[in-house]
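Letter by letter, the sequence shown follows residues 220 to 401 of the working numbering. Notes follow once the structure below has been shown.
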Amino acid sequence: MSDIDGMNVGLRWYIAHTYSGYENKVKASLEKIVENRGLGNLIYDIKVPVETIIEKDGDKEKVTEVKIFPTYVYIKMIMTDESWHAVRNITGVTGFVGPGSRPAPLSEQEVIDINLESVDETKVQLKFSVGDEVSVISGLFEGYDGVVQSISEDLKTVTVLVKRGRRDMPVEIESEMLKLKN
């Protein structure tokens, strides 16, 4: 029995380290190898955790996808010589995460903390934050400027201290109606 087969602890999540920017290539290559060699009984799932970020600035939206853990590919597999070689010999893989050359499986708590089962999520970001000066681009207060006082947790409404004459008035405005003042 080889050293790798002796490490078999059943179906667990492992982390393969890759060159920067090779995460999706490694995932695609491994999926192809699993299909071609019939390794579906050893390698069950492959993930490159990403987060979709939507940046809003008034009526403009910019969607970007950001890797949560750059240079890492998460693989749910049974560690055997065959599965180890399949992963290790892919172009772009530098090795498994673990002490020395021994792949270390993630603990159940680490899988829960990383939330691997539902890792792809979308986050909305606004171009402005509390204290920034903004312009109202539509609605009742269109054309007015103000300072952001607070932002709701769901990022849909913003309380702005609008300058009206000699008085500042707090107004709750939808975030799509605001633009960061240049």
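Just so you know, even glycine gets a beta-carbon here, dropped at the ideal spot from N, CA and C.
- Taking every protein chain shown into account, the CB of V379 has 16 or more other CB atoms within 10 angstroms, so this residue is buried.
- Under DSSP, M296 takes part in a beta bridge, and its partners are R231 and I262.
- Taking 3 residues as the minimum length, the beta strand (DSSP E) runs contained wholly in the segment 287 to 333 are 291 to 297 and 312 to 315, in order along the chain.
- According to DSSP, R383 shares a beta bridge with R386.
- Look at the beta carbons and you see the segment 360 to 376 touching the segment 387 to 394: at least three pairs across the two are nearer than 8 Å.
- Bridge pairing for L397: V355 [DSSP].
- Under the three-state reduction of DSSP, K244 is assigned to helix.
- A235 is a Cβ neighbour of V306, given a cutoff of 9 Å.
- Closest in C-alpha terms to R321, from the list G384, I252 and W303, comes W303.
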